[in-house]
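Which chain is which? The protein sequence lines are A and B, in order.
Reading the first sequence from the start, the letters are residues 1 to 122 in the working numbering.
Reading the second sequence from the start, the letters are residues 1 to 287 in the working numbering.
What follows is a set of notes on a single structure, which appears directly below.
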Amino acid sequence: MRLNFASDKPIYLQLAEAIEDDILKGIFEENGQVASTTELAVSLRINPATAGKGLNLLVDEGILFKKRGVGMFVAVGAREMILQKRKETFYQDYVMKLLDEASKINIPIEEVIAMIERGRVS
Amino acid sequence: MSTIEIKGICKRYGSTLALDNVDLTLEPNRIYGLLGRNGADKTTLLNLITNKIFPTQGEIVIDGANVLENDQALSKIFYMMEASLYPSSLRVKEAFRWSKEFYPDFDMNYALNLSEKFGLNMNKRVKELSTGYGSIMKAIIALASNASIVIFDEPVLGLDANHREMFYRELVASYSLRPKTIIISTHLIEEISEVLEEVIIIKDGRIILKQPVEDLLSQAYTVSGEAAQVERFIEGKRCVSGETLGKFRAVTVMECLQNTDRALARELELDLSGVELQKLFISLTNS
């Protein structure tokens, strides 16, 4: 798990996304335990309150759940929830950025589509 | 759990006013960064909190008790000073034992454990330690003190990159295990910004800012691009600094980024990006 301290995205959001990525990759399995606030804070060298905020965000969304006195676990259905959420932001995060950059460097839309086609087959 | 209240503190040295009417409340169990340029009187403030010097005016209260000549209030604080006050012929292990006398909760096992991790030779005398190992010894004592308030003045002075990294990790680990109020005064802002919960910026003897790091960073951004377009963008906005390179201009804006700003930036073909704490610090304390 890596965070980008120079990014303009707040650290707790980056942490939440990194945990989601690990769930998608199967590093954390559904019903399995994830790292604790302290473990995350120490290994990423961030304030424990920031680490807690990132984890709590995922608890609020139902992706993680707390077992009192034991720790944090991945909810059943978490993978599906994350996939759904990521699809919703895909347009804004990738498609819009792609089109912005293409327009900045004068690549016509047809050429962008052709590039996507090329990427798909290779 | 200790709260520090600094009320209307002034400190005058002859005709110079080092601290000018400082009011500050430090909540328990947070990690504060005390930032300021050289000569901003950060250490003066820390010396006042720990009753090493006396205020010209105002008072400092810890958990309801004035710190002035108050051993009970002062015993709650461990102060890692930049200057070494340990007798130079003292051995490291003796310095540990000595600390245990003053701080009953001092964790000797933890101190020994850290010494091994950092490669600190406990049989060496204080005067034989390099600058780096001098800092390491003091930092280990501070971490192991288990005081409810721990103040670090330039804790990583002379430490190599590996040891600095280890120190920050140990700081977070010991804070997680035993929450306490931590104040760190440092110039190495970039390295520590993620560890801090709140920053206090001091300039010309005044507190110019006290804010959670995350809030601060979310309330500032940089806009850059063609100079004339940047000027149009920042019209009426609160800006702290800018740099120009030919027809290129980048300006730091101290406002929350609104969706209307994003739209305007896109229209004017400008780039928006976040600001790092260190850059913001430089902008705020320049001049």
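We put the beta carbon where it would ideally sit given N, CA and C, even for glycine.
Just so it is clear, the structure is predicted and the values come from calculations on it, not from any experiment.
Straight-line gap, residue i to residue j (C-alpha atoms, nearest Å)
i, j, result
"I201 of chain B", "T50 of chain B", "19 angstroms"
"L98 of chain A", "I105 of chain A", "11 angstroms"
"M344 of chain B", "G236 of chain B", "Here chain B covers residues 1 to 287 and nothing more, so residue 344 of chain B does not appear."
"L257 of chain B", "F65 of chain A", "32 angstroms"
"V240 of chain B", "T252 of chain B", "6 angstroms"
"L172 of chain B", "V195 of chain B", "Note on residue identity: the sequence assigns Val, not Leu, to residue 172 of chain B. Their Cα atoms are separated by approximately 7 angstroms."
"L245 of chain B", "K9 of chain A", "27 angstroms"
"E128 of chain B", "P87 of chain B", "12 angstroms"
"Y32 of chain B", "Y103 of chain B", "22 angstroms"
"D261 of chain B", "M1 of chain A", "32 angstroms"
"D105 of chain B", "L159 of chain B", "27 angstroms"
"Y133 of chain B", "R30 of chain B", "27 angstroms"
"Y94 of chain A", "E110 of chain A", "17 angstroms"
"A250 of chain B", "N259 of chain B", "20 angstroms"
"L120 of chain B", "S135 of chain B", "11 angstroms"
"I208 of chain B", "L216 of chain B", "13 angstroms"
"T50 of chain A", "Y13 of chain B", "40 angstroms"
"R206 of chain B", "E101 of chain A", "45 angstroms"
"I115 of chain A", "R238 of chain B", "Note that residue 115 of chain A is Met in the sequence shown, not Ile. Looking at the two C-alpha atoms, the distance is approximately 42 angstroms."
"E214 of chain B", "R45 of chain A", "15 angstroms"
"K53 of chain A", "G119 of chain A", "38 angstroms"
"A314 of chain B", "M96 of chain A", "Chain B is shown only over 1 to 287; residue 314 of chain B falls outside these bounds and no answer can be derived."
"I107 of chain A", "S36 of chain A", "46 angstroms"
"T25 of chain B", "I11 of chain A", "26 angstroms"
"L19 of chain B", "I53 of chain B", "13 angstroms"
"V59 of chain A", "E20 of chain A", "12 angstroms"
"V230 of chain B", "K138 of chain B", "48 angstroms"
"L55 of chain A", "S89 of chain B", "49 angstroms"
Residue i vs residue j beta-carbon contact at 8 angstroms
i, j, result
"L3 of chain A", "L13 of chain A", "no"
"V150 of chain B", "K180 of chain B", "yes"
"E59 of chain B", "N66 of chain B", "yes"
"A147 of chain B", "I192 of chain B", "no"
"V156 of chain B", "R164 of chain B", "yes"
"G225 of chain B", "E269 of chain B", "yes"
"I140 of chain B", "S174 of chain B", "no"
"I189 of chain B", "L112 of chain B", "no"
"V61 of chain B", "K7 of chain B", "yes"
"M81 of chain B", "F96 of chain B", "no"
"V126 of chain B", "S176 of chain B", "no"
"S122 of chain A", "G274 of chain B", "no"
"V22 of chain B", "L46 of chain B", "no"
"Q211 of chain B", "E198 of chain B", "yes"
"I9 of chain B", "L68 of chain B", "no"
"F248 of chain B", "A227 of chain B", "yes"
Close-in-space but distant-in-sequence residues of the same chain around residue i (CB under 7 angstroms, 5 per side omitted)
i, result
"G77 of chain A", "none"
"K42 of chain B", "L34, G36, S185 and I202"
"G62 of chain A", "A75 and M81"
"K100 of chain B", "F106 and M108"
"K67 of chain A", "F73"
"D22 of chain A", "M1 and F28"
"A265 of chain B", "V223, F233 and L272"
"T56 of chain B", "C10, K11 and R12"
"L24 of chain A", "R79 and I82"
"N31 of chain A", "F73, V74 and V76"
"E154 of chain B", "E82, S185 and T186"
Same chain only: Cβ atoms within 8 angstroms of residue i, ignoring 5 sequence neighbours per side
i, result
"E27 of chain B", "T3 and T181"
"R232 of chain B", "L268"
"S15 of chain B", "none"
"R91 of chain B", "M122, N123, K124, R125 and V126"
"N47 of chain A", "A41"
"Y110 of chain B", "L143, A144 and S174"
"R178 of chain B", "N146"
Cutoff 6 angstroms; reference residue i; Cβ partners in own chain excluding five residues on either side
i, result
"Q33 of chain A", "G71 and F73"
"M1 of chain B", "P28"
"A18 of chain A", "M1"
"T131 of chain B", "G158"
"Y79 of chain B", "T50 and I151"
"E243 of chain B", "A250"
Quiz item: Within the chosen definition, does the segment 275 to 284 of chain B reach the segment 214 to 225 of chain B through at least 3 CB pairs nearer than 8 angstroms?
Solution: Using a Cβ-Cβ distance cut-off of 8 angstroms, the segment 275 to 284 of chain B and the segment 214 to 225 of chain B are in contact, since at least three pairs of beta carbons, one from each stretch, lie closer than that value.
Quiz item: Between the segment 77 to 97 of chain A and the segment 35 to 48 of chain A, do at least 3 Cβ pairs fall closer than 8 angstroms?
Solution: No, they do not touch.
Self-check item: Under 9 angstroms (Cβ pairs) to chain A, residues found in the segment 230 to 244 of chain B
Solution: Answer set for the segment 230 to 244 of chain B: empty.
Exercise. Please name the residues in the segment 84 to 108 of chain A whose beta-carbon is closer than 9 angstroms to at least one beta-carbon of chain B, in chain order.
Key: So the list reads D100 and K104, given in the order they occur along the chain.
Quiz item: What are the residues of the segment 160 to 188 of chain B that lie near chain A, defined by any Cβ-Cβ distance shorter than 8 angstroms?
Solution: Contact residues of the segment 160 to 188 of chain B toward chain A are E165, Y168, R169, V172, A173, Y175, S176 and L177 (C-beta to C-beta distance below 8 angstroms).
Quiz item: Which of the residues in the segment 248 to 274 of chain B, read from start to end, lie with their CB under 7 angstroms from any CB of chain A?
Solution: From the segment 248 to 274 of chain B, only S273 and G274 have a Cβ closer than 7 angstroms to chain A.
Practice problem: Mind checking the segment 72 to 83 of chain A against chain B and listing, in chain order, the residues whose C-beta falls within less than 7 angstroms of any C-beta there? | Solution: So the list is empty, because no residue satisfies the distance condition.
Quiz item: Mind listing which residues of the segment 14 to 32 of chain B have their C-beta closer than 7 angstroms to chain A's C-betas, in chain order?
Solution: Against chain A - using a Cβ distance shorter than 7 angstroms - the residues of the segment 14 to 32 of chain B are I31.
Practice problem: Below 8 angstroms between beta carbons is the criterion; list the residues of the segment 18 to 42 of chain A that meet it against any residue of chain B, in chain order. | Solution: When C-beta distances to chain B are compared with 8 angstroms, the residues of the segment 18 to 42 of chain A below that value are T37, T38, A41 and V42, in chain order.
Exercise. Closer than 8 angstroms, Cβ to Cβ, to anything on chain A: give me those residues from the segment 196 to 211 of chain B, in chain order.
Key: Going along the segment 196 to 211 of chain B in chain order, one finds L196 and E197 with a Cβ nearer than 8 angstroms to chain A.
Practice problem: Please name the residues in the segment 132 to 157 of chain B whose beta-carbon is closer than 8 angstroms to at least one beta-carbon of chain A, in chain order. | Solution: Of all residues in the segment 132 to 157 of chain B, none has a Cβ within less than 8 angstroms of some Cβ in chain A.
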